[in-house]
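Chemist:
2 protein chains.
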Amino acid sequence: MNHIDRPHYPLFNEADSAEIVNARIGPNVASRTRQVAEAVVRHLHAAVKEIQPSHEEWLAAIQFLTDTGHMCTDWRQEFILLSDVLGVSMLVDAINHRRPDGATENTILGPFFVDGISVSTHGTNICHDGKGEPLVLRGRVIDIHGEPVKDAIIDVWQTNDDGFYDVQQKGVQPDGNLRGKFETDSEGKYWFRTVKPRDYPIPDDGPVGRMLRTLGRHPNRAAHIHFIVQASGYETVITHIFAPDCPYLAEDTVFGVKESLIGNFELTDNEKEAASLGFPSPFWSVRQDFVLKPSD
Amino acid sequence: MNHIDRPHYPLFNEADSAEIVNARIGPNVASRTRQVAEAVVRHLHAAVKEIQPSHEEWLAAIQFLTDTGHMCTDWRQEFILLSDVLGVSMLVDAINHRRPDGATENTILGPFFVDGISVSTHGTNICHDGKGEPLVLRGRVIDIHGEPVKDAIIDVWQTNDDGFYDVQQKGVQPDGNLRGKFETDSEGKYWFRTVKPRDYPIPDDGPVGRMLRTLGRHPNRAAHIHFIVQASGYETVITHIFAPDCPYLAEDTVFGVKESLIGNFELTDNEKEAASLGFPSPFWSVRQDFVLKPSD
Numbered sequence: 056m057n058h059i060d061r062p063h064y065p066l067f068n069e070a071d072s073a074e075i076v077n078a079r080i081g082p083n084v085a086s087r088t089r090q091v092a093e094a095v096v097r098h099l100h101a102a103v104k105e106i107q108p109s110h111e112e113w114l115a116a117i118q119f120l121t122d123t124g125h126m127c128t129d130w131r132q133e134f135i136l137l138s139d140v141l142g143v144s145m146l147v148d149a150i151n152h153r154r155p156d157g158a159t160e161n162t163i164l165g166p167f168f169v170d171g172i173s174v175s176t177h178g179t180n181i182c183h184d185g186k187g188e189p190l191v192l193r194g195r196v197i198d199i200h201g202e203p204v205k206d207a208i209i210d211v212w213q214t215n216d217d218g219f220y221d222v223q224q225k226g227v228q229p230d231g232n233l234r235g236k237f238e239t240d241s242e243g244k245y246w247f248r249t250v251k252p253r254d255y256p257i258p259d260d261g262p263v264g265r266m267l268r269t270l271g272r273h274p275n276r277a278a279h280i281h282f283i284v285q286a287s288g289y290e291t292v293i294t295h296i297f298a299p300d301c302p303y304l305a306e307d308t309v310f311g312v313k314e315s316l317i318g319n320f321e322l323t324d325n326e327k328e329a330a331s332l333g334f335p336s337p338f339w340s341v342r343q344d345f346v347l348k349p350s351d
Numbered sequence: 056m057n058h059i060d061r062p063h064y065p066l067f068n069e070a071d072s073a074e075i076v077n078a079r080i081g082p083n084v085a086s087r088t089r090q091v092a093e094a095v096v097r098h099l100h101a102a103v104k105e106i107q108p109s110h111e112e113w114l115a116a117i118q119f120l121t122d123t124g125h126m127c128t129d130w131r132q133e134f135i136l137l138s139d140v141l142g143v144s145m146l147v148d149a150i151n152h153r154r155p156d157g158a159t160e161n162t163i164l165g166p167f168f169v170d171g172i173s174v175s176t177h178g179t180n181i182c183h184d185g186k187g188e189p190l191v192l193r194g195r196v197i198d199i200h201g202e203p204v205k206d207a208i209i210d211v212w213q214t215n216d217d218g219f220y221d222v223q224q225k226g227v228q229p230d231g232n233l234r235g236k237f238e239t240d241s242e243g244k245y246w247f248r249t250v251k252p253r254d255y256p257i258p259d260d261g262p263v264g265r266m267l268r269t270l271g272r273h274p275n276r277a278a279h280i281h282f283i284v285q286a287s288g289y290e291t292v293i294t295h296i297f298a299p300d301c302p303y304l305a306e307d308t309v310f311g312v313k314e315s316l317i318g319n320f321e322l323t324d325n326e327k328e329a330a331s332l333g334f335p336s337p338f339w340s341v342r343q344d345f346v347l348k349p350s351d
C-alpha cells in the first residue's frame, strides 16, 4: 500500500476558486507581476461566478477569443479594436493621463499614427486628393499659466473624405495624404489647411464587428482630427478634435469623445479670406489651442 | 455656425466607464446576451481600475492575447489551456455539475477525448505498447441509492508511460493505445486491464507555458485516468481517477484534483492472480465505483 501525499496546496473548490489558483503563484515572482496576476484571476473568477456560463457559452467565449487572435496580422490588431469598443483603451488612457483642469485632455491614439513625418511650413495644405470641405485650423500651444510654448511639435492626421487613412489605401490615396507635422513659432502659434473630418466605421468585418452587431451597436467613430503635441519639459498630449455637428458625437464606438475636445468649427463666408487661402467660400474655420502641463 | 447635437448617451469618464459602455447596448438585444455583456464589461473595467495598467502593460496584455490566438490551430487550443491553468475550466465545470453528496464528482474533460470507440469485452488490456506498470481496475456503476446501473457505458483514456496520449503521437503509439469503452453487466460491474497513469506536462511551448514560468508555476498534471460514465436516465459523469502517490496531486496545474477522485491504488503481490491476469507480480489493483445521480 502506497502512502497518500499530504497536499501542500488546497484542492479545488468552487467557493474558494480564485484564492486556490492564486495560492500557486511562486514565492520569487516580482511583486507587480503577482499583483496583476492575482487581480486578473480574482476578477475573472468573479465574472464567471456571476455569469454562470453553460459549457456551450464557455466554448463560445473560447471560440471568440480564438477568432479574434486569428484576425490579428501585422496590419490588423483585432484585440486592440476589442479593447477600444469595450471602453478599455479609453479607461487605460484616462488612468495614465489625469491632468489638472484646463490642460488639454488625452484621448486614444488609434492604430493609424505614422511616426517620422517631416515638419511642414505653416499654412501647408495636408489634403492632397482634393476631396472634402476645405478647412483652416489655427491656434496656439500654451502652458497651464497661459504662456506660449514655442518649438512645440504638432503631429496631425485624419481620414480622407472617403473615411480611410492613407495607410489603409496605399496606391489609392497620395502618399502622406492628410498627415502633417508643424512647429509652433515664438508666440506658440501654428496653422495649416486641411478638410473637414468625417465619421467612418472601424474595420467591422471580423469578430469585433460581429460582436458589435450582436450588441445592437454601430461601428462608427465620430468625425475627428488626430493630434500629438510634444514639447520639451511638458507632458505629451495625444488627442483628437471632434467636429461638433457629427451625428455620432455621443455614440463614438470607441468612446473617444470628451466635452473639452469638441472643436469650435465655424462655417466662414468670406470671399477675400477664401481667396487668400485658395479655398472656395464658404469654408470651415477652426480655432484650437492646446494647453500643456509640465512633465513630472 | 453649425449647431451642437445634444448627446443621447453620456460621454466617457473614468468613474462611470463601465456603465457608459453598457448604456450603448441596443434595445433589442436578447436578455441573456445583455446580461453576459454587462457583466463582462463591469468586471473587466473593475479589473483595469484595480490594476491601473501602464500603456506598456496594456500593450503586453494585447500581445499576450494575440500570441495565444496565433498559437491556436485545429489540434492545439491555447485559450482552453489558458482557461485550464487559471482554474476557469474547473470553475465552469463545478458551476454546471453540482451534485448531491455521494454522487461521483466531475472534473475537466481535457482536449484528448476521442468519441466513437467501440465497446470491448470485460478484462481487455487497453495498453498496446507494453510500457508502464500493469494495473487492473475493477468496480461498479451504481445509483445514489446503491442500486446497480446495468448497461452503463464507460469511456476510458490516459497517456502512455511516456506521458503522451495516442492522438499526440500518431505513428509512434499503436492506434487507440490506452483508450477503451466498456459496458456494465446486470450487477453494474465492469473491469479492464491497463497501466498505472503517470504525471505529464501540458503543452508548455507557447504563451501559456511562458505565463506559467513567469508565475513560478510548473506545467504538470497529476497522474490520472480519464472516465466518462453514461447511462440512460442518469446525468453523465466526466471525471478522472488520480494516482494517490503522484507528487503533483496537490499541484495539478489545471486544478483537476478533488479529494473524492483520489483512487484506491493497491500494490498487489499475488503470483496466482498475476498469472491469471497475464501480469508480473506485484501489480497495481484499483477498485473504483461510479455513483450516478438521476438526470433532471
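Sequence lines, in order, name chains A and B. My numbering puts the first residue of the first sequence at 56, with every later residue one more than the last. My numbering puts the first residue of the second sequence at 56, with every later residue one more than the last. Cβ coordinates follow ideal geometry from the N, Cα and C atoms, glycine included.
Just to confirm the assignment, what range does the alpha helix (DSSP H) spanning Thr269(B) have?
Modeler: 262 to 269
Chemist: Hey, how far is the Cα of Gly178(A) from the Cα of Val250(A)?
Modeler: 13 Å
Chemist: State buried or exposed for Asp221(A), treating a residue as buried only when at least 16 other CB atoms are found within 10 Å of its CB.
Modeler: Label assigned to Asp221(A): buried.
Chemist: Would you decide whether Gly288(A) is buried or exposed? Buried here means 16 or more other CB atoms lie within 10 Å of its CB.
Modeler: exposed
Chemist: So, using beta-carbon positions, are Lys313(B) and Thr214(B) closer together than 8 Å?
Modeler: Taking 8 Å as the Cβ cut-off, Lys313(B) and Thr214(B) do not qualify as a contacting pair.
Chemist: So, using beta-carbon positions, are Phe345(B) and Val196(B) closer together than 8 Å?
Modeler: yes
Chemist: Measure how close the beta-carbons of Ile172(B) and Gly235(B) come, nearest whole angstrom, since I'm counting them as under 8 Å.
Modeler: 7 Å
Chemist: Report the partner residues of Pro203(A) according to the DSSP bridge assignment.
Modeler: DSSP lists Ile197(A) as partners of Pro203(A).
Chemist: Quick one: is Arg253(A) buried, meaning 16 or more other Cβ sit within 10 Å of its Cβ, or exposed?
Modeler: buried
Chemist: Tell me the residue span of the beta strand (DSSP E) that contains Glu238(B).
Modeler: 234 to 238
Chemist: Could you name the residues of chain A that Gly187(B) contacts, counting a contact when the two beta carbons are closer than 9 Å?
Modeler: The premise fails here: Gly187(B) is roughly 16 Å from chain A at the closest Cβ pair, so nothing lies under 9 Å.
Chemist: What does the Cβ neighbour count give for His63(A), buried or exposed, with the cut at 16 atoms within 10 Å?
Modeler: exposed
Chemist: For Ala101(B) and Leu192(B), I'd like the C-alpha separation in whole angstroms.
Modeler: 49 Å
Chemist: From Glu290(B), Thr308(B), Val103(B), Val147(B), pick the residue whose C-alpha is nearest to that of Ser72(B); which is it?
Modeler: Val103(B)
Chemist: Quick one, which residues of the stretch 67 to 79 of chain A are near chain B if we go by CB-CB under 8 Å, in chain order?
Modeler: Phe67, Asn68, Glu69, Ser72, Ala73, Ile75, Val76, Arg79
Chemist: For the beta strand (DSSP E) that Gln285(B) lies in, which residues bound it at each end?
Modeler: 279 to 285
Chemist: Less than 7 Å between C-beta atoms, sequence neighbours within five positions excluded: which residues of the same chain meet that for Ala278(B)?
Modeler: Pro252, Arg253, Asp254, Phe297, Ala298, Cys301
Chemist: On a Cα-Cα basis, can you pick out the residue from Phe168(A), His183(A), Gly157(A) that is closest to Gly201(A)?
Modeler: Gly157(A)
Chemist: Is Ile257(B) helix, strand or coil by DSSP?
Modeler: coil
Chemist: Helix, strand or coil for Lys244(B) per DSSP?
Modeler: strand
Chemist: Kindly indicate which three-state DSSP category Phe134(A) falls into: helix, strand or coil?
Modeler: helix
Chemist: Name the DSSP bridge partner or partners of Tyr289(B)?
Modeler: Pro349(B)
Chemist: Below 7 Å between beta carbons is the criterion; list the residues of the stretch 154 to 187 of chain A that meet it against any residue of chain B, in chain order.
Modeler: Contact residues of the stretch 154 to 187 of chain A toward chain B are absent (C-beta to C-beta distance below 7 Å).
Chemist: Would you kindly report the start and end of the unbroken alpha helix (DSSP H) that includes Thr88(B)?
Modeler: 86 to 106
Chemist: I want to see whether chain B comes within less than 8 Å of Asn151(A), judged by CB atoms only; does it?
Modeler: yes
Chemist: For the beta strand (DSSP E) containing Asp210(B), name the first residue and the last one.
Modeler: 208 to 212
Chemist: At least one CB of chain A closer than 8 Å to the CB of Ser340(B): is that the case?
Modeler: no
Chemist: Check the Cβ of Arg272(B) against every Cβ in chain D and list those closer than 8 Å, keeping chain order.
Modeler: Reference to chain D is not applicable here, since the protein chains of this structure are A and B.
Chemist: Helix, strand or coil: how does DSSP classify Phe320(B) here?
Modeler: strand
Chemist: Determine which residues share a DSSP beta bridge with Ser144(B) and list them.
Modeler: DSSP lists no partner for Ser144(B).
Chemist: How about Tyr36(A): is its C-beta nearer than 8 Å to some C-beta of chain B?
Modeler: Chain A is shown from 56 up to 351; residue 36(A) falls before or after that span and cannot be answered.
Chemist: Of the residues Phe310(B), Ile317(B), Ile150(B), which one's Cα is nearest the Cα of Gln107(A)?
Modeler: Ile150(B)
Chemist: Report the residue from Arg268(A), Asp184(A), Ala330(A), Thr121(A) whose alpha carbon sits nearest the alpha carbon of Gly81(B).
Modeler: Arg268(A)
Chemist: Between which two residues does the beta strand (DSSP E) carrying Val341(B) extend?
Modeler: 338 to 342
Chemist: When DSSP labels each residue in this structure, what does Phe297(B) get in the three-state scheme?
Modeler: strand
Chemist: Throw me the rounded Cβ distance for the Arg30(B) and Pro189(B) pair, which I believe falls under 8 Å.
Modeler: Past the edges of chain B, shown from 56 to 351, lies residue 30(B), and the structure says nothing about it.
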